[in-house]
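Okay, structure first, notes after.
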Amino acid sequence: MTTHATAHHDDHHDDKPHGFLHRWVFSTNHKDIGTLYLIFSFIMVCVGAAFSGVIRTELMKPGLQFVQPYFFNEMTTMHGLVMIFGAIMPSFVGLANWMIPMMIGAPDMALPRMNNWSFWILPFAFCMLLGTLFIPGGAPAGGWTMYPPLSIQGGDSVAMMVFAIHLMGISSIMGSINIIATILNMRAPGMDLLKMPVFVWSWLITAFLLIAVMPVLAGAVTMLLTDRYFGTSFFNAAGGGDPVMYQHIFWFFGHPEVYIMILPAFGIISEIVPTFSRKPLFGYQAMVYALASIAFLSFIVWGHHMFTVGMPLGGELYFMYATMLIAIPTGVKVFNWVSTMWGGSLTFEAPMLWAISFIVLFTIGGFSGVMLALVPADFQYQDTYFVVAHFHYVLVTGALFAIIGAIYYWWPKWTGRMYNETWAKVHFWWSVVFVNVLFFPQHFLGLAGMPRRIPDYNVAFADWNFVSTIGAYGMYLTPFMFFFILWHSKKHGAPAAARAWEGARGLEWTVPSPAPFHTFATPPVIRNEDLAHGDVSH
Amino acid sequence: MSAENASGDAVQRNQRLLTRALIVCGGMFLFGFACVPLYRIACEHVFKNRIYNTADSGKGFAVDESRWVTVQFVGNVNSQLDWSFAPEQVTMRVHPGAVNDAWYDATNKASMAIVGNAVPSIAPSQGSPYFNKIECFCFTEQVLKPGESRRMPVKFVVDPKLPKTIDTLTLSYTFYDNRPATKKLAQESQNAISPNS
């Protein structure tokens, strides 16, 4: 296949493979695979949002109105698994596929056929995971964290969930190895590591996190599988195992995992903010070192997810201080974004609006994270809606908003067409209002003591739950808005220039819009003024 | 992209990186399993929290008659096990260093013989290393026939080195159904009933 594509390529430079099968299913082109990833994650966002629709509708009023508690638990579990592994992670991999080769002047990803494989595993993994909804015993209902013994007491969904997670793990490991190989081996001459755009840096570090922790998750779920089906007692107290050990292993994966879902977002914001501030990124090197320190710290703070399991006091203190330490590199990043904007010639196109709302709202999520890091306070917050509010602020208004901003930002490069700025602003303001209506009241509910993962609650929590559900219904319109804005742009959008944004820097803006099927077949000459953060005379 | 543009050297470097990364992944997969022994070592040696359920020697302690420690007893049954199980005494006041006896009662409410295992736990966890069980029903499998009751002993000594800040210790047991052993027992009794089959 390689030889065929090669010969082909030499004849007509921009010819795409013909037919759906050859173009998409057998694709080894980084741009097409990036598109596949993004379409897949858009579908998964809609599926995950539908699950949350069941949750929020049931929670609109106290009492059980629509679903049985077991089905409610299936919904919370599947919502988490689908959004994390199906929506946020693949969309970042899709952006990486599209942008990293173009940003470092590489012709494609380093291992194109493995790239194809790592995408096409995903639909199968999610068919298996979503298929559990239709088998006897129903879908997994023990929460996305899959704590035993609860998680292994369901039907055979346990096995399907475990195998689905194995496949997702293999997919993201292969994707990460590809990204690391591309960044380390395929950079154009002159593109030094410390001249790379911060988005590329953020993905390099994320990819290392992924290959370090996804195998640990694979090990943990394998132990769940053998405990359930083969009579082992890794986590079975009756056989001498310890369910708390699962939590340690899971969160050793789980904490780096939450940074896997936010570091690429940091990279995106570091691209968008300088563009619309028309200034180089403030403190480029500090940004890179902050990313690296956050990644390192993520490995040594897992215990803060389990303060209430009966950990020794020394352990609690250690995990508390280590966790609070993360606020320092994160603060460096937030202040550097603000300093980038300071004194800049700002304009507020849609990508910039999403980026600024990211900075503000992610910081709120960060602050509630610091509150949760405090051991004495965490005993009150543990497993309440405060935790739910916290991680939705960092994952929805953090990761998801950054992804939407990135799509608006690079859309002209991908399609060669601008989107409708007015409708994009409506989309933004609608989202930013309703997302806060949705998640902000959950802080109050949590502080008042409403537990998470329950279908019914004390009437004292009724009002804010009602408000939160209204916010959720507002948010459910946003995927449709987004879809129609992009659809309209693809059909009728104004043509985009190669440098679609006035202040945009970076190699990707030196190729025409839409980006040709093959870019940088011969390595570009790197000129410092082309680079994303402008001044690289560090 | 293609192999002819990327020099053979780059292809080789990509292959080498792929191999190394896969080795790292394999290593991290094994690390997940290595966490099992590491966790025990950390609990027992770093945090002095005993995981293995074995007898201690109660000898060599001088009885400290100047000090009283309250020991509370709790008994739980896992939801999968149809037994009743409770301590005979709710609390005891003991001197550190003295050997004490406490009793628990268990009854099998099911209509079949069941093998149960009890898992002990001491609260607060800082007191755990100082609570020595010399004899305990939790060291072995307990078989109860349908409807059978049993009185089960715990012989324990509180180490006089127990920190002064702790004046109450709670000993809690949870009984679990030992499924494999229960199944084996059921099979054996089947064979005993029809030895010719």
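Protein chains in written order, with our numbering: chain L, 1 to 538; chain P, 1 to 197.
Cβ atoms here follow ideal geometry from the backbone N, Cα and C, with glycine treated the same way.
Bounding residues of the alpha helix (DSSP H) (the contiguous stretch that carries residue i)
| i | result |
| --- | --- |
| R40 (chain P) | G8 to I41 |
| Q68 (chain L) | Where Q68 (chain L) is concerned, there is no enclosing alpha helix (DSSP H), given that its DSSP letter is neither H nor E. |
| Q442 (chain L) | E421 to L447 |
| L36 (chain L) | H30 to L59 |
| A218 (chain L) | V198 to Y229 |
| Y457 (chain L) | Y457 (chain L) -> no alpha helix (DSSP H), and no H or E assigned at all. |
| V46 (chain P) | That residue, V46 (chain P), is in no alpha helix (DSSP H); it is neither H nor E in DSSP. |
| R113 (chain L) | P112 to G131 |
| E257 (chain L) | P243 to I260 |
| P351 (chain L) | A350 to A373 |
| S91 (chain L) | M89 to I104 |
| I84 (chain L) | Premise fails: I84 (chain L) is in no alpha helix (DSSP H) and is neither H nor E. |
| F401 (chain L) | F401 to T415 |
Residue i classed as buried or exposed, judged by whether at least 16 other C-beta atoms fall within 10 angstroms
| i | result |
| --- | --- |
| A34 (chain P) | exposed |
| H4 (chain L) | Bear in mind that a pLDDT of 44 at H4 (chain L), under 50, signals an unreliable position, so the number given afterwards is only what the model happens to contain. Exposed, since its Cβ has fewer than 16 Cβ neighbours within 10 Å. |
| N115 (chain L) | buried |
| L573 (chain L) | The question about residue 573 (chain L) has no answer here: the residues shown for chain L are numbered 1 through 538. |
| S197 (chain P) | Low per-residue confidence applies at S197 (chain P): pLDDT is 48, beneath 50, and the placement is therefore not dependable, though the value from the model is reported in the following sentence. Result: exposed. |
| I135 (chain L) | exposed |
| I268 (chain L) | buried |
| E508 (chain L) | buried |
| Q187 (chain P) | exposed |
| D10 (chain L) | With a pLDDT of only 42 at D10 (chain L), under 50, the local geometry of the prediction cannot be trusted, and no value is derived from it. |
| R93 (chain P) | exposed |
| T363 (chain L) | buried |
| P512 (chain L) | exposed |
| F66 (chain L) | exposed |
| A515 (chain L) | buried |
| S189 (chain P) | exposed |
| S118 (chain L) | buried |
| Q80 (chain P) | exposed |
| M112 (chain P) | exposed |
| Y284 (chain L) | buried |
| A139 (chain L) | buried |
| E4 (chain P) | Any reading at E4 (chain P) must be qualified, since the residue scores a pLDDT of 46, below 50, and its modelled position is unreliable; the value itself is stated next. Flag for E4 (chain P) reads exposed. |
| L30 (chain P) | exposed |
Helix, strand or coil at residue i according to DSSP, with G and I counted as helix
| i | result |
| --- | --- |
| S2 (chain P) | Any reading at S2 (chain P) must be qualified, since the residue scores a pLDDT of 45, below 50, and its modelled position is unreliable; no value is offered. |
| A106 (chain P) | strand |
| I180 (chain L) | helix |
| K155 (chain P) | strand |
| A118 (chain P) | strand |
| R597 (chain L) | The displayed coordinates of chain L run from 1 to 538. Any statement about residue 597 (chain L) would go beyond what the structure contains. |
| A123 (chain P) | strand |
| N100 (chain P) | strand |
| S591 (chain L) | The requested residue 591 (chain L) is not part of the displayed model; chain L covers only 1 to 538. |
| T145 (chain L) | coil |
| T384 (chain L) | strand |
| P451 (chain L) | strand |
| S489 (chain L) | helix |
| P376 (chain L) | helix |
| S66 (chain P) | coil |
| F111 (chain P) | Strictly speaking, residue 111 (chain P) in this sequence is Ser, with Phe absent from that position. Reduced to three states, the DSSP call for S111 (chain P) is coil. |
| S172 (chain L) | helix |
N- and C-terminal bounds of the beta strand (DSSP E) containing residue i
| i | result |
| --- | --- |
| T170 (chain P) | T168 to D177 |
| E135 (chain P) | F131 to C136 |
| P87 (chain P) | W83 to P87 |
| Q142 (chain P) | Q142 to L144 |
| T70 (chain P) | V69 to V77 |
| V334 (chain L) | It is not in any beta strand (DSSP E) - V334 (chain L) instead sits in the alpha helix (DSSP H) that spans A327 to M341. |
| V94 (chain P) | T91 to V94 |
Beta carbons nearer than 8 Å to chain P: which residues of the segment 158-172 of chain L have them?
So nothing in the stretch comes that close.
For the segment 247-279 of chain L, enumerate the residues whose C-beta is nearer than 9 Å to any C-beta of chain P, in chain order.
Of all residues in the segment 247-279 of chain L, only H248, I249, F252 and F253 come within less than 9 Å of chain P when Cβ atoms are compared, listed by chain position.
Using a Cβ cut-off of 7 Å, which residues of the segment 32-45 of chain P contact any Cβ in chain L, in chain order?
Per Cβ criterion, the list reads G32, F33, C35, V36 and Y39.
Using Cβ-Cβ distances below 8 Å, what residues of the segment 150-183 of chain P are close to chain L?
Correct list: T174, Y176, D177, N178, R179 and P180.
Mind listing, in chain order, the continuous beta strand (DSSP E) runs of no fewer than 3 residues lying wholly within the segment 290-327 of chain L?
Segments of the beta strand (DSSP E) lying fully in the segment 290-327 of chain L: there are none.
Which residues, in chain order, does the segment 462-496 of chain L contribute to contact with chain P at a C-beta distance below 9 Å?
Result list empty, no residue passes.
Positions along the segment 210-243 of chain L whose CB lies within less than 9 Å of some CB in chain P
Sequence-ordered contacts of the segment 210-243 of chain L with chain P read I211, A212, V213, M214, P215, V216, L217, A218, G219, A220, T222, M223, G231, F234, N236, A237, A238, G239, G240, G241 and D242 [C-beta pairs closer than 9 Å].
Can you list, in chain order, the residues of the segment 313-335 of chain L whose Cβ is nearer than 9 Å to any Cβ on chain P?
For the segment 313-335 of chain L, which is checked against every Cβ of chain P, the residues closer than 9 Å are L313, G314 and G315.
Using a Cβ-Cβ cutoff of 7 Å, what residues of the segment 131-162 of chain L are near chain P? List them in chain order.
For the segment 131-162 of chain L, which is checked against every Cβ of chain P, not one residue is closer than 7 Å.
Residues of the segment 108-127 of chain L whose Cβ lies closer than 9 Å to any Cβ of chain P, in chain order
Hits within the stretch, in order: D108, M109, A110, L111, P112 and M114.
Contacting positions in the segment 4-23 of chain P - beta carbon closer than 7 Å to chain L
Answer set for the segment 4-23 of chain P: E4, N5, A10, R13, N14, L17, L18 and A21.
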